[in-house]
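Structure first, then comments.
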Amino acid sequence: MLDPFSPGRVFCVGAAGSGVRAMAELLHGFGWQVSGTDRGKPDVLGRMRAKGLAVAHDPDGNMWDERPDLLLFSPAVPPTDPARQRAEIEGVPQATHIDLLAELTKLRETIAVAGTHGKSGTAALLVHLLRCSGRRVAGFVGAEPVDPTYSFADPDPELLVVEACEWNRHFLRLEPRHAVITGVEFDHPDSYRDEAELIGAFRRFVERVPIEGTVVSEEKWRRWASEGRNAVVRFHERTPERSGPRPDGVYDVGLGGGVTFETREWVGNEQRSAMPSEALSRHNVAFAVVAAAEMGVDLDDACIWTNWPHTPVPMLRRRFEIVGEWRGRTVVDDYAHHPSALRDLYWKNMFFHWDGFGTGLVFQPHQCARTEALFDRFAAALQQWENAAVLPVFPARETATAEQCTALSRRLAEASGATFLPDLDALPRWADDSTRPGDALVLAGAGDIDRARDLLFPGARPSPGTRPYSAA
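Numbered per numbering that gives the first Met the number 0, the sequence shown spans residues 0 to 471.
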């Protein structure tokens, strides 16, 4: 395996996919010359080019002119891909972003953030807090910052904060010094038979943390950690009488109020007004702050237990991202694709108290296997929303037919009392009929529902859609 800190030339296949993009930007920060192509997501590629990466939207899959030192590709790219076949013939080393991430965790002290939900938000905020304390930190974060000038890269980091994905047990390849577990719920039925098998994988992940490291988790996962440092986050519905860390490593955190964390709202490239902290999950904030404290960030400087600081925090795309206004409705875009995430999104949306107090949700299920395995929970989560519509399932990494995706979503819509939309083209009319000016229109899902922006804001963000190599 090549040393990621020894720069060379890297060509990326599926450059706009979340994992490859995040790794490409890290390598660029380390001094690599980055080039590559993707069959979709020209908007993502445009933002990558603005940061100096020579990537292009290329439906034809054209390749390099000058032989690269490394071919970087997503696990979704098969060996039969023309670029991979050419690399094999020319003797170009090949690696996935998981391969490089595993290598990076051997070379730098690493905090790995794992959990069914909240990995990107927690990791991004942790990078921010550590940087504010003066640490040289680089972050591997799957979600993009809304601020187009913000970068998680650093040319010579002393510390890495990485998002550790449980899909296909990828996180078991990492060698972190420290770990954060934001929570564990059954997901990824294409990788795990049941919740017990998933929990077993998380336990093995925690066991990879050395005794001199630190594990930050809720109390119920404390038993997994070694005899080393184990920081426990204990949540309370109301602000506890005693907040902050205790000698036994327990941090008491109230969820009932008192959190004031200034963030920046970006619409396009223009900075707008400050956004209240509830756009961030309080659980994510708590895990990030506790992890930062365990890394030596002064709690008094952070003011994290009583009076939160007014600190600009990098917001992330598709994480309760306020996109703009469409016919008087506030459009919100979110990555939620699990029943618990949909419930959290509902309550987060309710906190804002939009002028019309109404909300319309358009949800695109992600994977048939996930939708079937969690069907009843999805139906219950959708029933919370005042108006909801369901698009056909996005079959990432699956061979399901369009007919199967449509039938499953139609069944979910019937079970939840939602409206079935046959495609994205039906979205504007449904939104116009089911919501009114002053309401919020929330887009949710992990597939290509972000293309809805093209329909609501034509000309502002062209996108031909998500192709297989770009699928999250």
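No residue lacks a Cβ here, since even glycine has one placed at the ideal position from N, Cα and C.
Look at the Cβ atom of residue i, then the Cβ atom of residue j, and state whether they are nearer than 8 Å.
i                 : j                 : result
phenylalanine 72  : glycine 141       : no
alanine 445       : histidine 336     : yes
arginine 328      : aspartate 438     : yes
leucine 426       : threonine 434     : no
valine 179        : leucine 197       : no
leucine 129       : valine 296        : yes
phenylalanine 419 : arginine 428      : no
arginine 221      : valine 208        : no
threonine 104     : proline 6         : no
histidine 97      : arginine 168      : According to the sequence provided, residue 97 is isoleucine. The question's histidine does not apply to it. No, Cβ-Cβ distance for isoleucine 97 and arginine 168 is not below 8 Å.
alanine 23        : phenylalanine 139 : no
histidine 127     : proline 313       : yes
leucine 423       : leucine 390       : yes
valine 252        : phenylalanine 234 : yes
valine 33         : arginine 66       : no
How would you label residue i, buried or exposed, when you count the other beta carbons within 10 angstroms and need 16 or more for buried?
i                 : result
leucine 315       : buried
aspartate 64      : exposed
asparagine 348    : buried
lysine 219        : exposed
aspartate 449     : buried
glycine 256       : Note that glycine 256 scores a pLDDT of 43, beneath 50, so its modelled location is shaky and nothing firm can be said.
leucine 125       : buried
alanine 113       : buried
threonine 181     : buried
asparagine 229    : buried
methionine 274    : The predicted model places methionine 274 with a pLDDT of 38, which falls under 50 and marks its position as unreliable; any figure quoted below should be read in that light. Burial call: buried.
isoleucine 88     : exposed
glycine 133       : exposed
valine 9          : buried
phenylalanine 204 : buried
threonine 148     : exposed
tyrosine 468      : Note that tyrosine 468 scores a pLDDT of 30, beneath 50, so its modelled location is shaky and nothing firm can be said.
threonine 400     : exposed
alanine 101       : buried
glutamate 320     : buried
phenylalanine 350 : exposed
leucine 106       : exposed
glycine 39        : buried
arginine 46       : buried
Note down, in chain order, each residue of its chain lying with its Cβ closer than 6 Å to the Cβ of residue i, except the 5 sequence neighbours on either side.
i             : result
glutamate 143 : Arg316
arginine 202  : Trp223
threonine 370 : Pro364, Val392 and Leu407
leucine 99    : Pro3 and Met22
threonine 405 : Pro391
valine 266    : Model confidence at valine 266 stands at a pLDDT of 36, short of 50, so the residue's coordinates are unreliable; what they give is reported in the following sentence. The answer, listed in chain order, is Gly323.
glutamate 157 : Arg135
proline 436   : Gly327
Which residue's Cα is closest to the Cα of residue i: the options?
i                 : options                           : result
valine 392        : Gln403, Asn386, Gly357 and Arg435 : Gln403
aspartate 155     : Phe29, Trp384 and Trp429          : Phe29
leucine 442       : Val330, Arg8 and Ala285           : Val330
glutamate 324     : Ala163, Val43, Phe10 and Pro457   : Pro457
alanine 123       : Ala101, His116 and Phe151         : Phe151
glutamate 211     : Ala287, Leu171, Ser17 and Thr109  : Thr109
aspartate 59      : Ala137, Asn229, Leu70 and Asp37   : Asp37
valine 215        : Leu25, Glu320, Val289 and Ala379  : Val289
proline 78        : Ala15, Ala287, Asp68 and Thr95    : Thr95
methionine 62     : Tyr345, Val232 and Gln84          : Gln84
proline 188       : Gly18, Asp432 and Trp166          : Trp166
glutamate 385     : Leu407, Leu373, Trp346 and Gly90  : Trp346
valine 76         : Gly16, Leu423, Glu157 and Leu455  : Gly16
aspartate 68      : Pro81, Gly51 and Ala86            : Ala86
histidine 27      : Val43, Arg48 and Gly39            : Arg48
proline 81        : Ser119, Glu206 and Cys11          : Cys11
valine 161        : Asp153, Arg66, Ser119 and Gln32   : Ser119
aspartate 153     : Val145, Ala137, Phe234 and Ala163 : Ala137
glutamate 194     : Asp422, Leu373 and Leu423         : Leu373
aspartate 375     : Gln93, Pro338, Gly18 and Arg107   : Pro338
glycine 35        : Val43, Ala200, Leu52 and Asp42    : Leu52
alanine 163       : Gly18, Glu217, Asp333 and Pro74   : Gly18
phenylalanine 170 : Leu455, Asp146 and Ala200         : Ala200
Could you pull out every residue in the same chain whose Cβ sits closer than 7 Å to the Cβ of residue i, ignoring the five residues on either side in sequence?
i                 : result
alanine 340       : His116
aspartate 343     : Ser280
aspartate 2       : none
serine 415        : Ala378, Leu381, Gln382 and Ala387
phenylalanine 286 : Thr121, Val179, Thr181, Val215 and Val232
Among the residues of its own chain, which have a CB less than 8 Å from the CB of residue i, if the five just before and after it don't count?
i             : result
glutamate 413 : Phe419
glutamate 397 : Asp189, Gln366, Cys367 and Ala368
Unbroken alpha helix (DSSP H) runs of length 4 or more, entirely within the segment 29-100: which are they? 41-49 and 81-89, all fully within the segment 29-100.
Quick check for students: name the residue ranges of the alpha helix (DSSP H) that lie wholly in the segment 177-226, counting only runs of 4 or more. Uninterrupted alpha helix (DSSP H) stretches at least 4 residues long and entirely within the segment 177-226 occur at 194-206, given in chain order.
Only counting runs of 3 or more residues, tell me where the beta strand (DSSP E) segments fall wholly within the segment 354-395, in order along the chain. Those beta strand (DSSP E) runs which fall completely within the segment 354-395 and span 3+ residues are 358-363 and 386-389.
In chain order, which continuous runs of the beta strand (DSSP E) of length 3 or greater are located wholly inside the segment 406-468? Runs found: 439-444.
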